[in-house]
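Peer 1:
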Amino acid sequence: MFTSIYIITTPDIELINLSQLLHPQISVCCHLNIFKMSSMDTPSNTLQDSDLHDLGLSDDEPETATSVLNKFQTAWINEKLSPEILSYQGDYVECLMEQIKHMDNNVRKLDKRDLRSGLHALELSRIKYMLTDYLRVRLEKIEKYTYTILEAESSRSGDNLFLSEGEFQFAKDFFGNTQTALQTIALRHFPRPLASFDPAKMSVQPPMNSYVFVKAKKEVSGLIVPTHDPEEQDEELDLEENSQHILPYSSVAALVKDGTIMLI
Amino acid sequence: MDTCEVEFLAERELISITPNFDLGVLHLISGDFGPFKAGLPAEVPLWLAINLRQRRKCRIMPPIWLNVKTLEEIKERETQEKLFTKMPSEHFMEVAQLLLTAASEDIPQAGEIKVVLKDIWDSRQAKTRASCSLLLQDGGKHARVDNLTLMEINSVRPLLPHSMDMIRRLQMESSMEAQISQTQGSSFASPSQ
Amino acid sequence: MFGVKAFELIRDLTLTGPEALPLYNSETVRQVLEEMRVLYERNQRDVNNSVNEDSSYLGTVHLRHAALERNKRCLLAYLVNRLQRIRDLRWDFGSVLPGDVAGSLCEQEVQWLQNYNRHLATYMRGLDGLDLTQEHCPPKSLCLEVRCLQDYGLFELEDGEQVLLKKDSIHLLPRSECLMLIRQGVLEHIPH
Amino acid sequence: MKLNPSYEPNYFSLEDICATNSAVPCRVEMMIPNLGEMDRGSHSEHLETGRRLELPLWMAFNLVKRHLVKADCSKAYSQSAREILKAEPAVVDLMKQEPFYYESGVHVASLLEPEEANDLRKVLQNTFQTRSKDVISLSQAELSKEVIVREQLLSKEEKTLMLESRVKWAEVEHWLSGKLTSRELAAVSVSNYLKRKRPRDDAE
Numbered sequence: 001m002f003t004s005i006y007i008i009t010t011p012d013i014e015l016i017n018l019s020q021l022l023h024p025q026i027s028v029c030c031h032l033n034i035f036k037m038s039s040m041d042t043p044s045n046t047l048q049d050s051d052l053h054d055l056g057l058s059d060d061e062p063e064t065a066t067s068v069l070n071k072f073q074t075a076w077i078n079e080k081l082s083p084e085i086l087s088y089q090g091d092y093v094e095c096l097m098e099q100i101k102h103m104d105n106n107v108r109k110l111d112k113r114d115l116r117s118g119l120h121a122l123e124l125s126r127i128k129y130m131l132t133d134y135l136r137v138r139l140e141k142i143e144k145y146t147y148t149i150l151e152a153e154s155s156r157s158g159d160n161l162f163l164s165e166g167e168f169q170f171a172k173d174f175f176g177n178t179q180t181a182l183q184t185i186a187l188r189h190f191p192r193p194l195a196s197f198d199p200a201k202m203s204v205q206p207p208m209n210s211y212v213f214v215k216a217k218k219e220v221s222g223l224i225v226p227t228h229d230p231e232e233q234d235e236e237l238d239l240e241e242n243s244q245h246i247l248p249y250s251s252v253a254a255l256v257k258d259g260t261i262m263l264i
Numbered sequence: 001m002d003t004c005e006v007e008f009l010a011e012r013e014l015i016s017i018t019p020n021f022d023l024g025v026l027h028l029i030s031g032d033f034g035p036f037k038a039g040l041p042a043e044v045p046l047w048l049a050i051n052l053r054q055r056r057k058c059r060i061m062p063p064i065w066l067n068v069k070t071l072e073e074i075k076e077r078e079t080q081e082k083l084f085t086k087m088p089s090e091h092f093m094e095v096a097q098l099l100l101t102a103a104s105e106d107i108p109q110a111g112e113i114k115v116v117l118k119d120i121w122d123s124r125q126a127k128t129r130a131s132c133s134l135l136l137q138d139g140g141k142h143a144r145v146d147n148l149t150l151m152e153i154n155s156v157r158p159l160l161p162h163s164m165d166m167i168r169r170l171q172m173e174s175s176m177e178a179q180i181s182q183t184q185g186s187s188f189a190s191p192s193q
Numbered sequence: 001m002f003g004v005k006a007f008e009l010i011r012d013l014t015l016t017g018p019e020a021l022p023l024y025n026s027e028t029v030r031q032v033l034e035e036m037r038v039l040y041e042r043n044q045r046d047v048n049n050s051v052n053e054d055s056s057y058l059g060t061v062h063l064r065h066a067a068l069e070r071n072k073r074c075l076l077a078y079l080v081n082r083l084q085r086i087r088d089l090r091w092d093f094g095s096v097l098p099g100d101v102a103g104s105l106c107e108q109e110v111q112w113l114q115n116y117n118r119h120l121a122t123y124m125r126g127l128d129g130l131d132l133t134q135e136h137c138p139p140k141s142l143c144l145e146v147r148c149l150q151d152y153g154l155f156e157l158e159d160g161e162q163v164l165l166k167k168d169s170i171h172l173l174p175r176s177e178c179l180m181l182i183r184q185g186v187l188e189h190i191p192h
Numbered sequence: 001m002k003l004n005p006s007y008e009p010n011y012f013s014l015e016d017i018c019a020t021n022s023a024v025p026c027r028v029e030m031m032i033p034n035l036g037e038m039d040r041g042s043h044s045e046h047l048e049t050g051r052r053l054e055l056p057l058w059m060a061f062n063l064v065k066r067h068l069v070k071a072d073c074s075k076a077y078s079q080s081a082r083e084i085l086k087a088e089p090a091v092v093d094l095m096k097q098e099p100f101y102y103e104s105g106v107h108v109a110s111l112l113e114p115e116e117a118n119d120l121r122k123v124l125q126n127t128f129q130t131r132s133k134d135v136i137s138l139s140q141a142e143l144s145k146e147v148i149v150r151e152q153l154l155s156k157e158e159k160t161l162m163l164e165s166r167v168k169w170a171e172v173e174h175w176l177s178g179k180l181t182s183r184e185l186a187a188v189s190v191s192n193y194l195k196r197k198r199p200r201d202d203a204e
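Chains as they are written, first to last, in full-length UniProt numbering: chain A, 1 to 264; chain B, 1 to 193; chain C, 1 to 192; chain D, 1 to 204.
1. Would VAL225 (chain A) pass as an interface residue toward chain D - the criterion being a Cβ-Cβ separation below 8 Å?
2. Once you ignore the five residues that flank THR3 (chain B) on each side, which residues in its own chain have a CB closer than 7 Å to its CB?
3. Under 8 Å, do LEU96 (chain A) and LEU139 (chain A) count as touching if we go by C-beta distance?
4. Confirm, please, whether the CB-CB distance from LYS156 (chain D) to PHE100 (chain D) is below 8 Å.
5. Within its chain, find whatever has a CB closer than 8 Å to the CB of SER250 (chain A); leave out the 5 residues flanking it on each side and keep chain order.
6. Using 8 Å as the threshold, is the C-beta distance between residue 315 (chain A) and PRO161 (chain B) below it?
7. Report the rounded CA-to-CA distance for ALA254 (chain A) versus SER87 (chain A), giving the unit in angstroms.
8. Exposed or buried, THR20 (chain D), counting other C-beta atoms within 10 Å across all chains shown (16 or more means buried)?
9. In three-state DSSP terms, what is ARG157 (chain B)?
10. Mark GLN171 (chain B) as exposed unless 16 or more other C-beta atoms lie within 10 angstroms of its C-beta, in which case mark it buried.
11. In angstroms with no decimal places, state the Cα-to-Cα distance between ASN192 (chain D) and ALA130 (chain B).
12. Kindly indicate the opening and closing residues of the alpha helix (DSSP H) around THR122 (chain C).
13. Would ILE167 (chain B) and ILE127 (chain A) be called neighbours here (beta carbons separated by less than 8 Å)?
14. Strictly under 8 Å for the Cβ-Cβ distance: is TYR24 (chain C) near chain D by that measure?
15. To which residues does DSSP link LYS215 (chain A) through a beta bridge?
16. Could you give the distance in angstroms between the alpha-carbon of THR64 (chain A) and the alpha-carbon of ASP32 (chain B)?
17. Tell me which residues of the stretch 3 to 31 of chain B have at least one Cβ-Cβ distance to chain C shorter than 7 Å, keeping chain order.
18. So that I know if they touch, is there some Cβ in chain D lying closer than 8 Å to that of PRO206 (chain A)?
19. Residues bridged to GLU231 (chain A) by DSSP?
20. When the distance is taken between beta carbons, is ARG124 (chain B) closer than 8 Å to GLU78 (chain B)?
21. What did DSSP end up calling LYS140 (chain C) once you bin it into helix, strand or coil?
22. So, helix, strand or coil for LYS70 (chain D), using DSSP?
23. How many Å lie between residue 207 (chain D) and PRO33 (chain D) at the Cα?
24. Take every Cβ of the stretch 112 to 125 of chain A, pair it with every Cβ of the stretch 124 to 133 of chain C, and state whether three or more of those distances are shorter than 8 Å.
25. Compute the Euclidean distance between the alpha carbons of PRO45 (chain B) and ILE10 (chain C), then round it to the nearest angstrom.
26. With a Cβ-Cβ cutoff of 8 Å, do LEU105 (chain C) and ARG90 (chain C) count as a contact?
27. Would residue 205 (chain D) pass as an interface residue toward chain A - the criterion being a Cβ-Cβ separation below 8 Å?
28. Is the CB-CB distance between GLN31 (chain C) and VAL190 (chain D) below 8 Å?
29. GLU123 (chain A): which of C:PRO138, C:THR14, C:LEU33 and C:LEU21 sits nearest, CA to CA?
30. Going along the stretch 101 to 114 of chain A in order, which residues come within less than 7 Å of chain B, judged by CB to CB distance?
31. CA-CA distance, VAL107 (chain A) and ALA121 (chain A)?
32. Straight-line CA distance for PRO9 (chain D) to VAL106 (chain D)?
33. If you measure between the beta carbons of ILE17 (chain D) and ALA102 (chain C), is that distance less than 8 Å?
34. Please decide whether ASP173 (chain A) counts as near chain C, where near means a Cβ-Cβ distance under 8 Å.
35. Any beta carbon from chain D within less than 8 Å of GLN80 (chain B)'s own beta carbon?
36. Can you tell me where the beta strand (DSSP E) with THR18 (chain B) in it begins and where it stops?
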């Protein structure tokens with residue numbers, strides 16, 4: 001099997017098949033291994049199309065800034081504590097950014113000695129901290145698990161996208177930049193059959209089985225906690241409402257995403 | 001999550017203050033608070049109360065459980081029970097700590113309260129340590145951790161979850177290997193050998 | 001023994017803490033690439049010699065190939081972990097690294113960092129003025145009392161006011177405007 | 001970086017590269033031509049059948065899989081070492097035995113015959129579980145000579161867990177003392193850099 005590697009010398013260095021990895025709309029310039037997105041179809045532009053009303057911030061339950069803040073706080077904590085990247089809460093982020101801008105303007109109009117000005121400003125800086133930290137944690141995951149995240153994102157579309165448009169662009173830029181550095185310093189100088197970046201072997205995966213603390217917001221029955229010990233059986237658990245547990249993230253990942261369980 | 005972030009979350013808990021100023025309703029993003037009338041109690045988030053207190057704009061009314069008698073009872077229960085008892089607030093220790101630092105003059109017997117609080121914290125930490133040891137020693141696959149407050153969870157993170165991950169990995173390698181050796185049976189016969 | 005040079009690169013990184021960046025070891029990188037070239041040539045020769053008649057060289061080829069893969073892994077891990085550390089340094093020091101820190105980078109790493117800065121700036125431009133590299137602690141108040149640790153010179157605040165930051169001088173500054181200086185070690189926060 | 005995911009080996013992890021660098025004794029089962037240079041005790045041009053030599057784990061994986069060599073337990077994982085760990089897991093100096101004792105051990109196990117491999121895995125598991133109690137107590141103990149001595153017995157994996165926990169513990173203790181809540185600090189890399197730098201500045 002290795003003989004094919006040594007005897008048949010392929011003329012082209014085999015790079016990762018980027019067209020398989022990313023959205024079909026993306027054209028790839030292979031020699032530099034940097035890819036650009038065609039300007040016509042940005043995969044995430046659905047986010048722009050949809051405004052707050054379409055995303056469920058109206059209709060049945062009227063959302064207030066306060067309820068958005070509370071939901072965002074949960075999303076922030078979940079994102080901080082989950083090993084994988086969760087879907088981008090663009091509607092909450094945009095709503096809070098708008099609120100901040102609006103409030104900032106109002107505060108500026110107030111006299112600095114007005115008691116309210118300091119209190120509003122302090123609240124704004126608190127919310128800004130949550131937003132900043134939320135986006136920063138996501139960026140860290142994107143940098144750490146770039147390939148895995150891009151690959152997963154390429155199988156999603158429309159409303160199911162996990163990354164914001166900016167994050168998606170950043171992920172591609174980061175991946176391309178790192179690939180270029182590895183190519184120029186090392187891969188290009190390797191004997192040909194070794195000169196490729198093999199994603200199956202080299203992509204870094206988030207530790208999905210790692211243990212997390214959770215709180216059940218609703219009752220959950222028949223939760224399976226898999227065992228990895230061949231001599232033992234998988235365990236089945238019932239979680240009472242408001243009970244707290246320490247469990248492998250993979251056994252509750254879906255429940256975290258649908259809001260039945262929150263990470264603590 | 002850092003200790004300061006757990007505290008940050010606790011700062012959203014509501015608390016009563018007695019303001020020394022008059023002000024209409026304060027429309028914050030986190031909710032409407034007030035109106036404030038000098039001398040009349042009002043409920044506000046803890047961060048706001050502390051900010052006003054630092055500017056000497058109010059007195060803080062300690063939560064009903066923040067007094068020596070109640071805390072002594074809690075301590076008594078905590079030392080008798082084997083399991084963790086339920087604390088009067090999810091952010092029990094953080095709220096107490098914040099108030100004792102920022103507004104100790106508003107809290108009667110603040111010195112004694114500090115001592116009892118420390119006793120409660122210590123006895124719960126001893127339980128935490130013992131249960132972590134036990135869980136890890138038994139190689140437990142999951143555990144119910146009711147009544148553990150966020151700050152207590154914070155104090156055993158990452159040690160407990162990361163150690164459990166390590167145990168899981170030590171178990172997993174063996175089962176993965178078991179799978180490999182099963183499939184290997186067929187490859188022994190393959191012509192490449 | 002094969003792979004020894006490559007492991008020296010890994011040891012370079014493990015001898016320091018993850019927050020330090022040792023000097024880029026171009027000489028060892030060159031030697032690793034050379035070892036790989038030699039291993040590959042020998043394998044190519046043995047494969048060509050034995051392709052039809054004799055399979056006794058298979059073991060040799062397998063062993064050398066494992067050594068090639070090992071060298072590849074060590075070298076790539078060296079580079080990827082360095083990029084990770086450079087990234088962390090950029091978040092700590094700001095977009096311009098101090099001269100002697102920057103001196104530990106090789107040319108391609110400098111290029112990588114420039115691109116990284118550009119990509120990060122592009123991303124943050126879409127965030128309505130949120131700077132992700134600031135704010136590492138939840139805010140407690142709008143102003144911070146700080147002590148100046150070095151003669152920094154004039155510092156202009158957003159409202160146009162100028163502050164002279166002299167060694168050991170103490171100031172009350174808007175939190176959002178002095179966070180970066182604290183992270184960079186120019187100012188020291190005096191907690192209450 | 002704030003993100004602190006649990007350790008899991010990947011292609012680029014320095015820990016795994018170190019763990020796979022440790023040596024195991026092997027016996028050559030089938031002559032490997034032209035590589036006599038690898039066997040210092042022999043003058044043959046080839047790696048002769050029956051020769052014994054130590055190979056790094058990463059190389060042994062490949063050769064064992066192809067039945068070119070047979071691997072044995074290194075001293076750190078031998079029958080007698082395992083017996084000691086079964087009897088008194090807490091007192092063994094794992095760091096001296098093999099820095100990444102557990103990680104390397106798992107790799108060694110994959111080279112052994114099923115029965116011995118299983119025994120080794122069970123020992124690794126039990127050892128880690130029993131010693132975790134020490135890891136917890138060390139992370140919260142006040143620094144003393146005795147603590148430092150006990151610390152040195154920890155493997156790299158245990159030490160990482162212990163140090164992470166110690167940092168957290170100190171953080172919570174600071175917080176309890178009520179003085180250092182939410183203090184803005186210089187980044188670690190920056191303060192290390194300044195520590196190296198400042199003494200010279202002062203001297204000038």
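Ideal placement from N, C-alpha and C gives every residue a C-beta, glycine not left out.
None of these values were measured; they are calculated from a predicted model.
Peer 2: With the structure as the only source:
1. Not flagged as an interface residue toward chain D: VAL225 (chain A), since no C-beta distance is shorter than 8 Å.
2. Non-local C-beta neighbours of THR3 (chain B) in its own chain, meaning closer than 7 Å and more than five positions away in sequence, comprise ASN154, ordered along the chain.
3. By the CB criterion at 8 Å, LEU96 (chain A) and LEU139 (chain A) fall outside the cutoff.
4. yes
5. If we look at SER250 (chain A) and ignore the five residues flanking it on each side, its Cβ neighbours are MET208, ASN209 and PRO226.
6. Residue coverage of chain A in this structure runs from 1 to 264, which leaves residue 315 (chain A) outside it and unanswerable.
7. 12 Å
8. buried
9. coil
10. buried
11. 36 Å
12. The continuous alpha helix (DSSP H) containing THR122 (chain C) extends over residues 107 to 125.
13. No, these two residues do not count as a Cβ contact at 8 Å.
14. No, TYR24 (chain C) does not count as interfacial toward chain D.
15. A:GLN244 and A:MET262
16. 11 Å
17. Of all residues in the stretch 3 to 31 of chain B, those with a C-beta nearer than 7 Å to a C-beta of chain C are CYS4, GLU5 and PHE8, reading in chain order.
18. yes
19. DSSP output for GLU231 (chain A) lists no bridge partner at all.
20. yes
21. coil
22. strand
23. The question about residue 207 (chain D) has no answer here: the residues shown for chain D are numbered 1 through 204.
24. No, the stretch 112 to 125 of chain A does not touch the stretch 124 to 133 of chain C.
25. 51 Å
26. no
27. This structure cannot speak to residue 205 (chain D), because chain D is shown only from 1 to 204.
28. When the beta-carbon positions are compared, GLN31 (chain C) and VAL190 (chain D) stay at least 8 Å from each other.
29. C:PRO138
30. MET103
31. 7 Å
32. 12 Å
33. no
34. yes
35. no
36. 14 to 19
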